[in-house]
Every structure is written in structure tokens, then in C-alpha cells.
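Here is the structure we will look at, set down as C-alpha cells.
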Amino acid sequence: MPLTPLLGHQQTRERLSAAIRADRLPQVLLVTGPAGVGKQRLALWLAERLMCEAQGDEPCGRCLPCRRVAGLVHPDVHWLVPIPRPKASDSDKQVEEAGASLEGAMAERRETGRWGPPDGMASHGIAAARLLQRRAGLTSAEGGWRVFVIGRAERLVPQESSPEAANALLKLLEEPPAKSVFVLTTAAPGLVLPTIRSRTVPVRVGRLSDGEVREWAVAQQLDASEEEILAARGSIGRLTGGDDEGARKARAAAVAVLEAIERGAQETALVSIRQGVAQARGEFTAMLDALADELASRARLSATRPGSVRRAEAHAAGIEAVLATRERVQGNLNPQLAMATLAEELASLGAA
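For the sequence shown, our numbering assigns the number 1846 to the last residue and increments by one with no breaks.
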């Protein structure tokens, strides 16, 4: 099943088309906006626009390149999404396993035409970075553009255990190959690694209109009431149920952690004890994502208040601590131990 046509974001599409016509399209873009509004679909629209034989302001949707992109089978369009950490110990086998995981994700999306949130433990890790480098090092299969879409770019984890992979990835984004475009998407730009973010050109998209959400629901033959469409608040992901419930649960847990830290050491210890064991690690990492997002929101708020610079700096340091904890959890660190260490660090920073 091909992907549904992109709805909305008309001004953004016009700006991107104008940049293509003027041969001024940035090679590394960071598309940001609310969850569920079509950021990854916009990135794939850009791939269609670049590959389309008609070369109009909009992809024709009929030519073979357009149909290949919409069917997720174009050899020069690479869509990377967060995947589970490979189990192999050999680095080459890890890359092969990452490729197989990505192909499995694409096969599912070809079948349904939709996608939901990744598992809490999924990320863009070292193997995915190496896979991206390998694919970027190849020549174009059809002699034209190559497009690399990196969905959920906030899941690009710090690669302290493999600095050579991290440095190669940064160099790739700083000096991308000719006729290659990298599109990173995220609903949480503050969680994207600063070293990555500084190498991108931002593209902000907003919520869809209620009419656009309604049009999408009709096209998908989705039985959605008018109340559900209005409650979606411009997010297709919210309409389909996506990660809404999981996101609310993770955010509530993150706020509870910060409130416990504010109440003192005894409450902080209880929060650590309540964390799930190994099998709940996905929920724990989702909570860490929400915790980093909450600290980013507090940092932005503190930065606007006179005399709150130190508070904003504490929140920023807290985000770094949360992201470092998230990487350690990927290595099978017990969530209870990880939470105890993180809570102590956040308390010492004054980041709660």
C-alpha cells in the first residue's frame, strides 16, 4: 500500500520547491513541529519532489520515481527510523542487523501505509550511524539525487563508546556528498544533540487544520467522529491513537520524578525503587525522553525570566544527564540503579 498523499504545510512545500528551482536547497534540514503532523511524510514528499520526472512544484505522483518513493522502494531514498540495539558483537554484523531491522520496519509501513511511535528502547545507535555512512558513501543508483530521512532525530544517541563513528557522522553532515539531502525530523528539537543541530537548517511546520485532519480521515476510511477530529488538535497521530496515551503516561511519570526530587532525598529514593525491572525498560526510556523534554521546556521558560540564567543552565545540564542515562540503559543497566544515580545528579545540579 503506497503512503497517503501529504496534506497541509503548503507554505513550507512552496518554499522547498522554490529552493529546488533556484538550486539553493540546503543539504541538511531539521524539520520540527508537533507530534503527528506529518514531518516524516513531508520529508518523503521532498524526496518525491526531487525524484519526480515532471519537475513541477508538486510531485506528479504518477511517474515511476514518484511511485517508487511512495511505495518505499526507491533505491536512492533511505528512511532511517529508531531500531532496537543490535545483539551481534561484531561491528559489521551489527550494521547488517541494523539494515535488517530497518527493512522490517519499512515492510510493515509498505503494508499499512502508516506508522506509530517506536519502542522506548529503539534508537539511532552506533550501528545505524555506520549504516548511514555506508549508504551515503555509495553512488546514486539512478544517477540523480539521494535522500536520507532520519525520523525521530532526538533518538540519535551520544556515541561516546565509539567516537570514530560519531565523528564520521558529524563530518558527513558537515560535508554531505554532492546531490545528497539529509532530512532529520523531530518533535523535540531541544533533545537533538547540539553537535547535530548546529549542522542543520531548521524547517518548522505547524499543526494541520481540522479540515485537513478530516480529509485525511476520509481518505483513510477512518471512522472518526467530529469530536475526535476536533480533539486531535491538528495531529493525525493523535487522531489515530498513536503514542498519545503512552506520551501522557511518560510525561506524568517525568513530572512525578521532578516533584519527588524537589521534596527531598526520601521521596527521591522511593521514586528510584518504583522504577520497573528489566522488562519495563522501554517504559523507562520513554519516561527519560519525557523527562528531558520537560527539562527543556523549563530551561526555555527560565531563560525568559530575569535573573534565572543559572536556573536555565541547571536545566540544560540536567538534560545532558538524562540523555547520558538513556544511553547507559541501552547497555542493559538496571532502571532502578539508573534512576537512583540520575535523581542524585539532578538534585545536585538543582535541575528539578
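We treat Cβ as the ideally placed atom computed from N, Cα and C, and that holds for glycine.
Along the chain, where does the alpha helix (DSSP H) that runs through residue i open and close?
{"i": "residue 1710", "result": "1704-1713"}
{"i": "residue 1831", "result": "1829-1843"}
{"i": "residue 1640", "result": "Looking at the DSSP string, residue 1640 is not in any alpha helix (DSSP H); the run it does join, the beta strand (DSSP E), is 1640-1644."}
{"i": "residue 1721", "result": "1720-1725"}
{"i": "residue 1688", "result": "1688-1691"}
{"i": "residue 1733", "result": "1730-1733"}
Could you tell me if residue i is buried or exposed, where buried requires 16 or more neighbouring beta carbons within 10 angstroms of its beta carbon?
{"i": "residue 1772", "result": "Residue confidence for residue 1772 is low, a pLDDT of 43 falling below 50, so the modelled location carries little weight and cannot support an answer."}
{"i": "residue 1715", "result": "exposed"}
{"i": "residue 1579", "result": "buried"}
{"i": "residue 1719", "result": "exposed"}
{"i": "residue 1581", "result": "exposed"}
{"i": "residue 1800", "result": "exposed"}
{"i": "residue 1542", "result": "buried"}
{"i": "residue 1833", "result": "buried"}
{"i": "residue 1679", "result": "buried"}
{"i": "residue 1503", "result": "buried"}
{"i": "residue 1517", "result": "exposed"}
{"i": "residue 1533", "result": "buried"}
{"i": "residue 1795", "result": "exposed"}
{"i": "residue 1666", "result": "buried"}
{"i": "residue 1599", "result": "buried"}
{"i": "residue 1626", "result": "buried"}
Along the chain, where does the beta strand (DSSP E) that runs through residue i open and close?
{"i": "residue 1696", "result": "1695-1698"}
{"i": "residue 1498", "result": "Unbroken run through residue 1498: none, as it is neither H nor E."}
{"i": "residue 1680", "result": "1674-1680"}
{"i": "residue 1507", "result": "Element bounds for residue 1507: not the beta strand (DSSP E) but the alpha helix (DSSP H), 1504-1515."}
Is the Cβ-Cβ distance between residue i and residue j less than 8 angstroms?
{"i": "residue 1527", "j": "residue 1681", "result": "yes"}
{"i": "residue 1589", "j": "residue 1628", "result": "yes"}
{"i": "residue 1640", "j": "residue 1570", "result": "yes"}
{"i": "residue 1707", "j": "residue 1778", "result": "no"}
{"i": "residue 1664", "j": "residue 1693", "result": "yes"}
{"i": "residue 1695", "j": "residue 1524", "result": "yes"}
{"i": "residue 1843", "j": "residue 1806", "result": "no"}
{"i": "residue 1721", "j": "residue 1733", "result": "no"}
{"i": "residue 1815", "j": "residue 1831", "result": "no"}
{"i": "residue 1604", "j": "residue 1566", "result": "yes"}
{"i": "residue 1677", "j": "residue 1643", "result": "yes"}
{"i": "residue 1574", "j": "residue 1631", "result": "no"}
{"i": "residue 1810", "j": "residue 1781", "result": "no"}
{"i": "residue 1793", "j": "residue 1747", "result": "no"}
{"i": "residue 1587", "j": "residue 1638", "result": "no"}
{"i": "residue 1685", "j": "residue 1790", "result": "yes"}
With residue i and residue j assumed to form a contact (beta carbons below 8 angstroms), what rounded beta-carbon distance in angstroms separates them?
{"i": "residue 1621", "j": "residue 1648", "result": "Residue 1621 to residue 1648, Cβ: 18 angstroms. No contact."}
{"i": "residue 1544", "j": "residue 1702", "result": "Contact flag wrong, Cβ pair sits at about 23 angstroms."}
{"i": "residue 1835", "j": "residue 1697", "result": "With 8 angstroms as the limit, residue 1835 and residue 1697 do not qualify as a contact, their Cβ atoms being about 37 angstroms apart."}
{"i": "residue 1675", "j": "residue 1521", "result": "6 angstroms"}
{"i": "residue 1818", "j": "residue 1752", "result": "So it is not a contact: roughly 17 angstroms between Cβ atoms."}
{"i": "residue 1576", "j": "residue 1511", "result": "Not confirmed; about 29 angstroms, so no contact."}
{"i": "residue 1710", "j": "residue 1730", "result": "6 angstroms"}
Any beta carbon of chain C sitting closer than 8 angstroms to that of residue i?
{"i": "residue 1515", "result": "Looking at the structure shown, chain C is missing, and only one protein chain is on hand."}
Discussion item. Ignoring anything shorter than 4 residues, give me the alpha helix (DSSP H) runs that lie fully in the stretch 1519-1573, in order along the chain.
Written reply: The stretch 1519-1573 contains these whole alpha helix (DSSP H) runs: 1533-1545, 1558-1564.
Fill in: Continuous alpha helix (DSSP H) assignments of at least 4 residues falling wholly in the stretch 1569-1633
Qualifying alpha helix (DSSP H) stretches, in chain order: 1585-1606, 1620-1630.
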